[in-house]
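Chains as they are written, first to last, in full-length UniProt numbering: chain A, 1 to 241; chain B, 1 to 438; chain C, 1 to 191. Glycine included, every Cβ here is placed at the ideal spot set by N, Cα and C.
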């Protein structure tokens with residue numbers, strides 16, 4: 001199948017290095033300490049953060065002098081075309097783990113001993129790149145909750161189809177069987193926290209795809225910064241009024 | 001809850017500081033270099049598709065089984081490959097019995113991604129009847145001992161098990177051409193899986209804010225390290241999967257450095273696995289000769305043909321094969337004894353006058369032995385004749401080529417094997433008696 | 001004072017020029033923001049030794065205070081046992097906490113002298129309001145608190161009649177209705 005036409009346009013009309021439209025909003029769940037909705041094209045994720053609060057299940061506490069970060073990822077039954085079979089499959093267990101460890105690395109957990117931070121992520125619409133969208137949504141929600149972080153953890157995926165590196169794969173491109181590289185970085189510190197890849201890819205190609213995904217991350221980071229600053233301005237405006 | 005806390009193993013501050021400080025001067029607690037791998041041993045079980053991998057202290061067992069099932073609707077002409085992990089509390093007290101924990105799921109997913117998404121196993125060849133019947137291959141990975149770096153060990157165990165797995169051959173036939181006939185292994189040789197390439201996982205540990213990279217971390221290092229990355233590569237230099245699940249951030253250059261290290265290692269590990277598998281297969285094919293005496297001549301290759309002819313002569317093959325095996329076992333032991341005595345003989349007799357040897361008394365014993373042995377020689381000659389003629393039905397019926405050779409070599413010296421019914425003990429005892437005499 | 005909107009990870013100063021305040025952290029020699037909010041520079045007190053200005057980020061969300069070692073807390077006694085008293089922390093400093101934090105006052109932390117002769121039941125009663133200092137983060141369950149100072153101990157207690165008692169000595173409180181005295185580890189309030 002042709003995923004990139006001779007003019008260099010993809011199935012949904014994007015160029016190879018073009019991202020889908022990003023819509024993000026913070027403070028969408030009133031009960032939560034922090035929350036956000038993050039949309040990337042047709043992928044839509046809602047994130048809610050509770051905490052820092054007292055540890056509920058003491059056995060989960062591993063380090064005494066750090067906050068415990070918990071993360072639950074789930075995909076809504078209606079998020080894909082065919083109905084999801086079970087709620088907690090192996091994929092979501094792994095994703096919960098991966099997202100938790102990514103967020104743990106960017107939260108200054110040593111500032112909040114004896115407390116726990118819960119991150120709930122729900123995929124409302126899945127169209128490829130859900131794990132990236134989840135990390136971005138979680139970052140926004142954590143920032144909204146006012147939890148101190150080293151940097152904004154952002155994530156973006158890139159793939160390789162028809163011998164072209166493609167940024168931000170959608171579902172059709174993702175399930176085409178080509179390589180899929182998901183990168184999570186701390187943009188200002190320029191560190192890679194998350195890196196997942198599957199399918200076969202030669203070394204050199206991987207480097208270009210990896211670089212493309214990193215560039216995508218930086219662009220997303222800019223967008224997230226804008227959203228957060230806009231939100232803060234709004235709040236200050238309202239307080240003044 | 002209390003129990004769980006007690007089960008959790010924590011490294012003391014001193015220990016972790018020690019490990020980390022040592023690493024800063026490029027030293028590892030077990031004496032390896034930063035990028036050295038632990039010793040890898042692969043063993044195979046009696047059945048097809050079972051493997052046991054030992055990587056340092058880590059011990060993982062892999063089993064592959066196959067079953068015929070209906071294919072998934074979206075992939076009607078592809079078999080399936082699934083991976084199940086079992087983290088037994090025996091291996092590590094922090095593993096809880098029952099539902100697989102997060103780490104078990106992650107391990108399975110990493111290996112799954114490396115094997116399946118890179119299409120290492122040809123799933124299309126597992127199709128029997130498109131849309132109706134396919135083989136579903138299941139890999140079970142049991143962690144027996146956790147000495148750190150479970151992913152790499154489990155991955156190798158999975159590969160080794162897959163490579164030695166054989167599924168029964170089956171054909172589509174019957175009246176309507178829709179019936180699946182499975183041929184038992186006695187009838188048709190079971191088929192191996194088609195494996196395109198070997199994706200091998202390499203795990204790196206990051207220390208000191210990602211500034212120190214270590215390959216194949218041990219259990220202690222895993223407790224100290226601040227980040228981890230598993231890279232799955234094959235010998236062609238392709239990257240099949242990467243997993244860096246969050247944790248401490250590292251620079252891009254470090255990641256690319258790890259990738260290069262891994263791909264430079266892949267060929268060596270591939271070689272080890274292939275060699276072990278080949279050695280195992282060779283052993284299996286030797287055993288097979290005895291197990292399926294009715295094999296058609298055309299199916300037997302090379303040197304075993306001659307054996308087959310001998311087989312056909314026999315009337316009571318089963319029994320004969322058994323006896324011959326016993327024979328081989330007994331002979332395996334005796335040549336060593338004999339060789340050692342022969343060597344002694346040689347050294348002693350080459351020496352000049354008797355006063356040259358300070359242990360002249362010992363020499364006496366040996367010379368006695370030798371004289372006995374030489375006496376034996378003559379006996380053996382006659383006994384071996386006897387075997388071929390009358391009493392040795394074992395020789396006649398079960399004579400596999402290798403057996404023949406061995407008996408040929410040893411028969412001259414072996415004094416005591418006068419008939420096939422003798423046990424190993426019988427073979428050893430007389431020697432003691434001889435010593436007592438002297 | 002300059003104000004500027006920042007997000008986590010933004011560079012907000014050099015460690016050689018500034019000290020990191022709230023909502024900021026230091027990595028090597030650079031100060032980064034860890035919160036979303038406005039960056040502020042607070043000039044140092046003239047008498048402090050470190051003459052670097054403090055750079056901090058104030059977020060828009062007010063967090064509940066969290067007890068930390070050294071902070072003085074107000075707590076309510078929930079249970080008195082032979083060797084310790086369990087308490088709920090209500091306030092950290094002058095701020096009320098948003099959720100409950102559990103604490104314990106162990107027998108050896110009740111007073112500064114004769115610590116092995118302390119009778120817990122002669123020092124606290126369930127329902128007492130205590131002022132205490134946080135010793136440490138304690139075990140997995142509770143903070144360790146201490147009342148081993150003059151100004152620490154029971155600040156308010158009710159008698160058997162349900163009336164608030166009046167402190168009459170370091171170890172006694174009296175009920176204004178019945179005139180009955182009860183034993184407590186009394187805090188010195190005021191002055």
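Item: Let me check understanding here. Comparing Cα to Cα, which of B:103, B:205, B:239, B:117 lies closest to residue 35 of chain B?; Value: B:205
Item: Around the C-beta of residue 211 of chain B, are 16 or more other C-beta atoms found within 10 angstroms, so that it is buried, or is it exposed?; Value: exposed
Item: Within the same chain, show all residues whose beta-carbon is closer than 8 Å to that of residue 123 of chain A, passing over the 5 residues directly before and after it, in chain order.; Value: 43, 44, 45, 73, 74, 75, 76, 79, 130, 133, 134
Item: Apart from the five residues just before and just after residue 35 of chain C, which ones in its own chain have a Cβ nearer than 6 Å to its Cβ?; Value: 23, 57, 59
Item: List, from N- to C-terminal side, the beta strand (DSSP E) runs of 3 residues or more that fit wholly inside the region 47-121 of chain B.; Value: 50-55, 58-69, 80-87
Item: If you reduce the DSSP assignment to three classes, tell me which class residue 18 of chain A lands in.; Value: coil
Item: Can you tell me whether residue 175 of chain C is helix, strand or coil according to DSSP?; Value: coil
Item: Pop quiz: residue 128 of chain B and residue 170 of chain B are said to be a contact at Cβ under 8 Å. What is the actual Cβ separation, rounded to whole angstroms?; Value: 6 Å
Item: When the Cα atoms are used, what is the spatial distance from residue 115 of chain C to residue 108 of chain C?; Value: 5 Å
Item: What does residue 100 of chain A reach in chain B if we use C-beta pairs closer than 8 Å?; Value: 246
Item: Residue range of the beta strand (DSSP E) that residue 173 of chain B falls in?; Value: 170-173
Item: Do residue 24 of chain A and residue 120 of chain A come within 7 Å of each other at the CB atom, strictly closer than that value?; Value: no
Item: Would a check of beta-carbon distances place residue 171 of chain C closer than 7 Å to chain A?; Value: no
Item: Note down, in chain order, each residue of its chain lying with its Cβ closer than 6 Å to the Cβ of residue 301 of chain B, except the 5 sequence neighbours on either side.; Value: Here residue 301 of chain B scores only 47 on pLDDT, less than 50, and its place in the model is too uncertain to base an answer on.
Item: Does the separation of the CB atoms of residue 5 of chain C and residue 229 of chain A fall below 7 Å?; Value: yes
Item: Quick check on residue 189 of chain C: buried or exposed, where buried means 16 or more other Cβ atoms within 10 Å of its Cβ?; Value: exposed
Item: Can you name the residues of chain A whose CB is closer than 8 Å to the CB of residue 229 of chain B?; Value: 195
Item: Would you say residue 12 of chain A lies against chain C (beta-carbon separation less than 7 Å)?; Value: no
Item: Just the C-alpha distance for residue 89 of chain B and residue 216 of chain A, rounded to the nearest angstrom, thanks.; Value: 43 Å
Item: Fully enclosed by the UniProt domain "Exoribonuclease phosphorolytic" (18-148) of chain A, which beta strand (DSSP E) runs are 3 residues long or longer?; Value: 22-26, 34-40, 43-54, 68-75, 115-125
Item: Closer than 7 Å, Cβ to any Cβ of chain C: which residues of the region 131-160 of chain A, in chain order?; Value: 143, 145, 146, 148, 149, 150, 151, 152
Item: In this structure, what does DSSP give as the bridge partners for residue 85 of chain C?; Value: C:80, C:105
Item: Would you say residue 148 of chain B lies against chain A (beta-carbon separation less than 7 Å)?; Value: no
Item: Does any C-beta atom of chain B lie closer than 7 Å to the C-beta of residue 127 of chain A?; Value: no
Item: Against chain B, with Cβ distances strictly below 7 Å, would residue 187 of chain A count as a contact?; Value: no
Item: Alpha carbon to alpha carbon, how far is residue 111 of chain C from residue 169 of chain C? Give it in angstroms, no decimals.; Value: 15 Å
Item: Contact check, residue 225 of chain B vs residue 207 of chain B under 8 Å by CB: the rounded distance?; Value: 5 Å
Item: Would you say residue 56 of chain C faces chain A, with C-beta separation under 7 Å as the test?; Value: no
Item: Just verifying my parser: in three-state terms, what is the DSSP assignment at residue 268 of chain B?; Value: helix
Item: Return no unless some Cβ of chain A is closer than 7 Å to the Cβ of residue 201 of chain B.; Value: no
Item: With respect to 6 Å, is the separation between the Cβ of residue 258 of chain B and the closest non-hydrogen atom of the ligand SAH below this value?; Value: Ligands displayed in this structure: none; no statement on the ligand SAH is therefore possible.
Item: Which residue spans inside the UniProt domain "Exoribonuclease phosphorolytic" (197-264) of chain B form an unbroken alpha helix (DSSP H) run of at least 4?; Value: 219-224
Item: Does the beta carbon of residue 178 of chain C come closer than 7 Å to any beta carbon on chain A?; Value: no
Item: Do you know offhand how far residue 33 of chain B's Cα is from residue 147 of chain B's?; Value: 18 Å
Item: Using only the alpha-carbon positions, how far apart do residue 116 of chain A and residue 11 of chain B sit?; Value: 22 Å
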